[in-house]
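Protein chains in written order, with our numbering: chain A, 5 to 184; chain B, 5 to 184.
Yeah, the Cβ is synthetic: ideal placement off N, Cα and C, and Gly gets one too.
Structure below.
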């Protein structure tokens, strides 16, 4: 089993991103359309303040992606807008590698904070555990934001500092397979 | 003194929106660029799920605007993204009239909730009082989101129900001057 590889997405990854969303078991066509539009914006205008995409590969196959970037109107605050992996790729550190690379870039570019918006529902439990294991704390709940019975959870992590000692980075994500 | 007039913005209002932001005392050129881009999107693709703009007029002069719309990825949740009036227009009910019209449209289109994102700082105190007077409750704080010492406050109001009896609509905003 090879380490995950993470690199900035290219135009050639566009169809792969849609495929990953549609096969994720978590998202549907309207989500795929939304992400595709964001990807289109990022290709058309690859400026520092636009969305950024990362593609994640396992065993030569694109199996996940992340979308992150600076939050508009805020100073030094970055958002992780999407992290998604294929079901068959889960448990191999790909989501963690994508998250780690987004945090690395945001920190390197002087970011102060990273926020993550996610759902309170059961299918997102693994994602929430990942965020919590990487130093993100849940700082807000917006009741029924996504839908009835589906709250918005907002996670926050300071950048420029190591995550708390109680939540170390998973060692196997630090291997040479994670490109920067 | 005439009642404020509120109507959907047209392409002819684009320069006025920028002027209002730049003279608001609250926002700067980067905010104006951001709003202008949103306005461009809404003109290019005036679909139900895109940003919507309202222009507010006092005594024949465009003196405020609002930007609102459905929150992407949520079901029945609307956001009020911008409400801005010129300093000389304040205290005449224009901000309230813009807010009221956004709530009216969102409710008429079946919205469940409206969220407002705003700053914790002193210059936004009047805006926060307006939101609180119209049934919006502060449900979340994201510390230092906008900048050091500048938190994000998130306000929420259920739609499809009248605001609480303790915060009635201001009667003078219900006059015939508020167009729909």
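- [ ] State the CB to CB distance for the pair residue 84 of chain B and residue 28 of chain B, rounded to an integer number of angstroms; the pair is presumed to be in contact (CB under 8 Å).
- [x] Within the second chain, the letter at position 80 stands for residue 84 of chain B. Within the second chain, the letter at position 24 stands for residue 28 of chain B. At roughly 16 Å, the Cβ-Cβ gap does not stay under 8 Å, so residue 84 of chain B and residue 28 of chain B are not in contact.
Task: Neighbouring residues, chain B, relative to residue 50 of chain A (Cβ below 7 Å) - done: Mapped onto the first chain, residue 50 of chain A falls at position 46. Those do not exist, as residue 50 of chain A stays about 16 Å from chain B at its closest Cβ, beyond 7 Å.
TODO: Kindly provide the ranges of any beta strand (DSSP E) runs that are 3 or more residues long and lie completely inside the stretch 46 to 105 of chain B, ordered along the chain.
DONE: 56 to 62, 65 to 74 and 81 to 89
Open item on the list: Here's a check: name, in chain order, each residue in its chain whose Cβ is nearer than 6 Å to the Cβ of residue 161 of chain B, leaving out the five neighbours to either side.
Closed with: Working through the second chain from its first residue, we reach residue 161 of chain B at position 157. Closer than 6 Å at the Cβ level, and outside the excluded window around residue 161 of chain B, lie 118, 139 and 140.
Task: Buried or exposed (CB count within 10 angstroms, at least 16 for buried), residue 164 of chain A - done: As a position in the first chain, residue 164 of chain A is number 160, starting the count at 1. Taking a 10 Å sphere around the C-beta of residue 164 of chain A, we find fewer than 16 other C-beta atoms and assign the residue as exposed.
Open item on the list: Please classify residue 156 of chain B as buried or exposed, where buried requires at least 16 other C-beta atoms within 10 Å of its C-beta.
Closed with: Position 152 of the second chain, counted from the start, is the residue given in the question as residue 156 of chain B. Residue 156 of chain B is buried by the Cβ-count criterion.
Open item on the list: With a threshold of 8 Å between beta carbons, is residue 27 of chain B in contact with chain A?
Closed with: Taking the first residue of the second chain as position 1, residue 27 of chain B is located at position 23. So, not an interface residue.
- [ ] Check the DSSP bridge columns for residue 151 of chain B and list the partner residues they point to.
- [x] The sequence position of residue 151 of chain B within the second chain is 147, counting from 1. Answer is B:154.
Task: Where residue 38 of chain A meets chain B, residues with beta-carbon distance less than 9 Å - done: The residue you call residue 38 of chain A lines up with position 34 of the first chain. Residues of chain B passing the Cβ test: 76 and 77.
Open item on the list: Measuring straight from C-alpha to C-alpha, what distance separates residue 30 of chain B and residue 131 of chain B?
Closed with: Numbered from 1 along the second chain, position 26 holds the residue referred to as residue 30 of chain B. Numbered from 1 along the second chain, position 127 holds the residue referred to as residue 131 of chain B. Taking the straight line joining both Cα atoms gives about 11 Å.
Task: chain B contact residues for residue 122 of chain A, given Cβ-Cβ distances below 7 Å - done: Here residue 122 of chain A corresponds to residue number 118 of the first chain, with the count starting at 1. Going along chain B, no residue has its Cβ under 7 Å from residue 122 of chain A, so there is no contact; the nearest lies around 11 Å.
Open item on the list: Strictly under 8 Å for the Cβ-Cβ distance: is residue 21 of chain B near chain A by that measure?
Closed with: Here residue 21 of chain B is taken as the residue at index 17 of the second chain, counted from 1. Under the Cβ criterion of 8 Å, residue 21 of chain B is not counted among the residues facing chain A.
TODO: Label residue 97 of chain A either buried or exposed according to how many other C-beta atoms from any shown protein chain fall within 10 Å of its C-beta, with 16 as the threshold for buried.
DONE: One-based indexing of the first chain puts residue 97 of chain A at position 93. Classification for residue 97 of chain A: buried.
Task: Beta carbon proximity, residue 6 of chain B to chain A, threshold 8 Å - done: Counted from its first residue, the second chain places residue 6 of chain B at position 2. No, its Cβ sits nowhere closer than 8 Å to a Cβ of chain A.
TODO: Can you tell me which of the three DSSP states residue 160 of chain B falls into?
DONE: Numbered from its first residue, the second chain carries residue 160 of chain B at position 156. DSSP places residue 160 of chain B in strand when its eight states are reduced to three.
Task: Integer-rounded CB distance, given that residue 143 of chain A should sit under 8 Å from residue 159 of chain A - done: Locating residue 159 of chain A in the first chain gives position 155, counting from the first residue. Locating residue 143 of chain A in the first chain gives position 139, counting from the first residue. The Cβ separation is near 7 Å, so the contact holds.
Open item on the list: By alpha-carbon positions, which one of B:59, B:70 and B:52 ends up nearest to residue 9 of chain B?
Closed with: Looking up residue 9 of chain B in the second chain gives position 5. With distances taken between CA atoms, residue 9 of chain B lies nearest to B:59 out of B:59, B:70 and B:52.
TODO: Give the DSSP-derived three-state secondary structure of residue 9 of chain B in the structure shown.
DONE: In the second chain, counting from the first residue as 1, residue 9 of chain B sits at position 5. Residue 9 of chain B: strand per DSSP, three-state reduction.
TODO: Report, in whole angstroms, the separation of the C-beta atoms of residue 75 of chain B and residue 82 of chain B, which I expect to be a contact under 8 Å.
DONE: The count along the second chain starts at 1 and reaches residue 75 of chain B at position 71. The count along the second chain starts at 1 and reaches residue 82 of chain B at position 78. Sure, about 6 Å apart at Cβ, within 8 Å.
Open item on the list: Less than 8 Å between CB atoms is the rule here; does residue 9 of chain B satisfy it with respect to chain A?
Closed with: Here the question's residue 9 of chain B lines up with position 5 in the second chain. False, the Cβ-Cβ gap to chain A never drops below 8 Å.
Task: First and last residue of the uninterrupted beta strand (DSSP E) at residue 121 of chain B - done: Taking the first residue of the second chain as 1, we reach residue 121 of chain B at position 117. 117 to 123 is the extent of the beta strand (DSSP E) around residue 121 of chain B.
Task: Inter-residue Cα distance where the pair is residue 57 of chain B and residue 146 of chain A - done: Residue mapping note: residue 57 of chain B aligns to position 53 of the second chain, counting from 1. Residue mapping note: residue 146 of chain A aligns to position 142 of the first chain, counting from 1. Distance between the alpha carbons of residue 57 of chain B and residue 146 of chain A: 25 Å.
- [ ] To the nearest angstrom, report how far apart residue 23 of chain B and residue 106 of chain B are at their CA atoms.
- [x] In the second chain, residue 23 of chain B corresponds to position 19, counting from 1. In the second chain, residue 106 of chain B corresponds to position 102, counting from 1. Approximately 21 Å between the Cα atoms of the pair.
Open item on the list: Short of 9 Å Cβ to Cβ, which residues in the stretch 139 to 159 of chain B face chain A?
Closed with: 143, 144, 145, 146, 147, 148, 149, 150, 151, 152, 154, 156 and 158
TODO: Under 7 Å between beta-carbons, which chain A residues line up against residue 81 of chain B? List them in chain order, please.
DONE: Here residue 81 of chain B corresponds to residue number 77 of the second chain, with the count starting at 1. In chain order: 149.
Open item on the list: Could you give the first and the last residue of the continuous alpha helix (DSSP H) run that contains residue 28 of chain A?
Closed with: Along the first chain, read from residue 1 onward, the residue named residue 28 of chain A stands at position 24. Note, residue 28 of chain A: premise wrong, no alpha helix (DSSP H); not H, not E.
Task: Partner residues on chain A for residue 117 of chain B, Cβ-Cβ distance less than 9 Å - done: Taking the first residue of the second chain as position 1, residue 117 of chain B is located at position 113. Under the 9 Å cutoff, chain A gives 146, 147, 148 and 149.
Task: Cβ of residue 178 of chain B within 8 Å of any chain A Cβ - done: Numbered from its first residue, the second chain carries residue 178 of chain B at position 174. Residue confidence for residue 178 of chain B is low, a pLDDT of 32 falling below 50, so the modelled location carries little weight; the figure read from the coordinates is stated next. It does not: the Cβ of residue 178 of chain B has no partner Cβ on chain A nearer than 8 Å.
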